[in-house]
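If you're matching positions, the sequence shown starts at 0 in numbering that gives the first Met the number 0 and goes up one per residue.
Here is the structure we will look at.
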Amino acid sequence: MAKPPAEVRFPGDKNRRRKLRVRGIKQASREIQKRLEKTLDLLLDDPEAFMPEIIGNLGKVSFFGPKDPMAMTLKEVGIVSSKRNDVRWLKKRMSKRSGGDVARSLAGSLAAASEEDLSTVSVFKSEVYGNASYLKRGSGRPGHLVGIQNFNHPKLRLLVWDDHAKAGQYFFSWDGGFVFTGFEPNPPPEWVNWTLDNTSVELQGEDCKWSTGLDEGTVRNDSITKEGWLRLKFSDGTKVGLSQSALAKTDEPMARSIAVSMMPPNKLGEVCEATWMWRPEGWPEGDALPQEGQERLDEILQTWLKMSLEDGALTRACRASILNSISHGYVVGTNWFSPDDREGFLNHMSGTNDERRSLACILDTLTGGIHVRTDGVVLDVEEKVVRLEDSSCHPVLVSLWPDHGMSILEKIFGVTGDDAKSIHDRQSKRKQGFGAFLRELNDSLSTAKKLDRLPWDSSDLPSPLSFADSLVRKAADEGLASTVSMARKGKGLDSSMGWAWLVVHEKTESDSWRFDEESRDKGGDWVPALRALWDAATSLLLEDDMESVSDYVSSMEWLAEVSGSGPISRSKE
């Protein structure tokens with residue numbers, strides 16, 4: 000909830016009890032009043048104390064043609080300085096619309112210096128420069144008044160010169176100095192050292208500085224690292240290395256912590272060069288990175304230098320600019336594999352062999368390039384490149400399954416038509432882990448192929464032989480436990496066969512009451528033949544003994560004879 004405006008009493012008001020609430024001003028503490036009094040006294044003694052040291056070239060003061068902003072300001076400040084004890088003149092000048100705003104703000108500040116009551120102050124708030132108290136006098140801009148009245152503050156005093164900075168002139172401020180370099184960005188070495196000592200990242204070293212996560216040798220020799228690092232080279236030759244981990248936990252943006260000590264702050268790129276020291280794992284050392292990626296990388300670094308990109312997002316953006324510009328081979332995560340190293344690429348992907356086989360199957364069907372993002376979006380690209388932002392098979396297959404799942408089912412598992420569509424739709428909805436899904440699919444199809452070894456289809460056999468064959472198939476596919484419930488539910492002759500099945504597998508202890516006496520008697524007579532049938536099925540289906548087909552046939556014929564089902568013929572020849 001926003002705080003209400005402060006209660007203040009205006010100087011000169013005879014009613015000492017009356018206070019008004021006014022937003023943007025406050026009652027100054029005694030400490031603030033003393034500080035302002037001291038600063039204004041110094042300013043009154045030397046009105047040009049807020050001015051920077053001129054070390055750059057000055058242009059001409061001309062009323063016609065191009066004008067040098069600093070030369071014009073120096074002339075106007077000189078006039079105001081000469082009138083510093085003329086309060087009446089100062090009050091006129093501080094409200095005058097013509098002329099430069101720096102001189103107007105100086106006049107207002109000098110006029111305030113003549114006042115005795117400084118208890119009511121205005122409040123300046125800035126996300127970049129912080130908060131400050133100042134005396135609002137005249138029509139000067141708040142930033143200019145703040146800078147003049149806080150001219151000993153290394154950052155706030157820069158606010159006076161924003162118009163000059165817009166015109167292309169440069170200012171550099173530090174704890175021990177304040178300079179104007181004209182239209183050339185030439186910061187003194189003292190400014191570079193002081194600024195780097197006061198950044199949001201703790202640095203070590205002198206002419207070569209580095210953050211945690213790096214060492215002097217890496218930075219001085221411009222060595223490439225696996226994680227990558229940011230190199231800054233200042234115009235005085237100072238080199239700075241910033242690691243990914245150091246940039247990820249800054250309280251204040253790194254670029255801003257440097258740029259607030261210069262004006263204009265968005266021209267930090269003019270005094271230091273930023274380079275991202277990284278290349279994808281596997282990229283040949285002697286090969287240059289794609290030109291398109293380098294151009295995009297330069298744009299990102301310039302955006303960061305202009306304080307428009309967060310430190311934590313810089314690493315990801317720099318890597319993406321390079322990875323997304325690679326137009327050949329396989330890009331997975333932050334790794335690159337040549338077009339000839341498809342096996343290395345697939346082995347790098349985490350997942351099961353079935354998942355890698357499925358991914359390879361998809362690659363075989365591609366006619367162009369593809370880019371699979373971490374958010375699941377699939378992009379077709381013109382270049383012959385495979386870009387996978389995730390190095391795990393599962394999320395990649397989830398993204399590719401809608402368009403390529405049918406190809407996987409047909410080419411790897413031989414499933415087509417309605418069966419393939421049913422499996423495809425089911426997996427699209429469930430999004431089951433692909434490792435488990437492919438394993439279960441492989442197992443079920445393998446079992447189905449094994450069941451094709453049986454010489455009859457269950458539907459081609461008469462009852463109760465069809466029921467016996469169904470029990471065998473279910474036991475081979477899902478296990479014996481799954482057949483108990485099925486055996487209990489048989490009707491008529493199937494009930495007798497169900498009892499025989501339970502006897503063969505010794506599952507009758509708690510189920511005898513479910514079967515009538517006649518079913519138990521008939522089923523008991525069929526047990527030897529049914530046991531022989533199951534033994535043959537076990538050898539054929541579970542032990543892969545193909546010669547057991549004849550045993551299965553003879554056992555089924557025996558079961559047909561004892562059950563009174565009559566002679567049967569082979570349905571599969």
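Note that beta-carbon positions come from the ideal geometry of N, C-alpha and C, so glycine has one too.
Practice item. Would you tell me roughly how many angstroms separate the C-alpha atoms of F466 and E381, rounded to the nearest one? Key: 58 Å
Exercise for review: Report yes if the CB atom of D586 is closer than 8 Å to the CB atom of S538, and no otherwise.
Suggested key: Nothing can be reported for residue 586: it is not among the residues displayed for the chain, which extend from 0 to 572.
Review point. In the segment 210 to 239, which residue ranges form an unbroken beta strand (DSSP E) of at least 3 residues, counting only runs that do not cross its ends?
Key: 228 to 233
Check your understanding: Going by other Cβ atoms of all chains shown within 10 Å of its Cβ, with 16 needed for buried, is T482 buried or exposed?
Key -> buried
Review point. Helix or strand or just coil, what does DSSP make of A70?
Key: helix
Review point. In chain order, what residues of the same chain lie with their CB nearer than 7 Å to the CB of G167, ignoring the 5 residues before and after it?
Key: F182
Point to revise | Alpha carbon of V21 to alpha carbon of D161, nearest angstrom | key: Residue confidence is low: V21 scores 43 on pLDDT, short of 50, so the model does not pin down where it sits. Its coordinate-derived value is still stated next. Near 28 Å, if we compare the C-alpha coordinates of D161 and V21.
Review point. Given 8 Å as the limit, is there contact between the segment 459 to 473 and the segment 491 to 500, that is, 3 or more CB pairs closer than that?
Key: yes
Exercise for review: Throw me the rounded Cβ distance for the L158 and Y128 pair, which I believe falls under 8 Å.
Suggested key: 7 Å
Review point. What span of residues does the beta strand (DSSP E) with V385 cover, start to end?
Key: V384 to L387
**Study point:** Buried or exposed by the 16-neighbour rule on C-beta atoms within 10 Å, applied to P3
**Key:** Confidence in P3 is poor, its pLDDT being 49 and thus under 50, which makes the residue's placement unreliable; the coordinate value appears in the next sentence. It counts as exposed.
Point to revise | Sub-8 Å separation of T194 and G55 beta-carbons | key: no
**Study point:** Cβ pair count under 8 Å reaching 3, the segment 328 to 347 against the segment 265 to 282
**Key:** yes
Review point. Taking three-plus beta-carbon pairs below 8 Å as touching, is the segment 429 to 439 in contact with the segment 383 to 403?
Key: yes
Point to revise | Close beta carbons around P68, own chain, < 6 Å, minus the five adjacent residues each side | key: H163 and A166
Exercise for review: Compute the beta-carbon to beta-carbon distance between S234 and V270, rounded to the nearest angstrom, for a pair I have assumed lies under 8 Å.
Suggested key: 5 Å
Review point. Any idea what DSSP makes of H393, helix, strand or coil?
Key: helix
**Study point:** Spatially closest choice to V178 from M50, T302, A111 and Q243, by CA coordinates
**Key:** M50
Exercise for review: Decide yes or no for the touch test of the segment 294 to 304 against the segment 235 to 242: beta carbon pairs closer than 8 Å, at least 3 of them.
Suggested key: no
Point to revise | Residue closest to L532, alpha-carbon to alpha-carbon, out of K154, V561, N151 and W209 | key: V561
Point to revise | Beta-carbon contacts of L300 that lie in its chain and below 6 Å, excluding the five residues immediately before and after | key: A273
Exercise for review: Taking E226 as the reference, give the member of R219, K208, A245 and D389 with the closest Cα.
Suggested key: A245
Review point. Taking all protein chains shown into account, do 16 or more other C-beta atoms lie within 10 angstroms of the C-beta of E354, making it buried, or fewer, making it exposed?
Key: buried
Check your understanding: Closest by CA to A247, which one among G216, N197 and D310?
Key -> D310
Point to revise | Pick from K420, Y329, T249 and L408 that is closest to L387, judged by C-alpha positions | key: Y329
Point to revise | Proximity winner among A258, L313, M261 and K95, relative to L229 (alpha-carbon distances) | key: L313
Review point. CB of P279 to nearest heavy atom of the ligand ZN: below 7 Å?
Key: This structure simply doesn't include the ligand ZN, nor any ligand for that matter.
Check your understanding: What alpha helix (DSSP H) runs, 4 residues minimum, are completely inside the segment 46 to 133?
Key -> 68 to 81, 86 to 94 and 100 to 112
Point to revise | Residues sharing a beta bridge with Y329, DSSP | key: F336 and V385
Review point. According to the neighbour-count rule (16 or more other Cβ atoms, all chains shown, within 10 Å of its Cβ), is Q574 buried or exposed?
Key: In the structure as shown, the chain starts at 0 and stops at 572, and residue 574 therefore has no counterpart that could be examined.
Exercise for review: Report the partner residues of E517 according to the DSSP bridge assignment.
Suggested key: BP columns for E517 are empty, so no partner.
**Study point:** Residues sharing a beta bridge with F171, DSSP
**Key:** V178 and M261
Practice item. Return the chain-ordered list of same chain residues with a C-beta closer than 6 Å to the C-beta of R472, the five sequence neighbours on each side being excluded. Key: L450
Practice item. Helix, strand or coil for W512, going by three-state DSSP, please let me know. Key: helix
Check your understanding: What are the residues that DSSP puts in a beta bridge with D379?
Key -> I369
Point to revise | Whole runs of the beta strand (DSSP E) within the segment 280 to 335, excluding any shorter than 3 residues | key: 328 to 331
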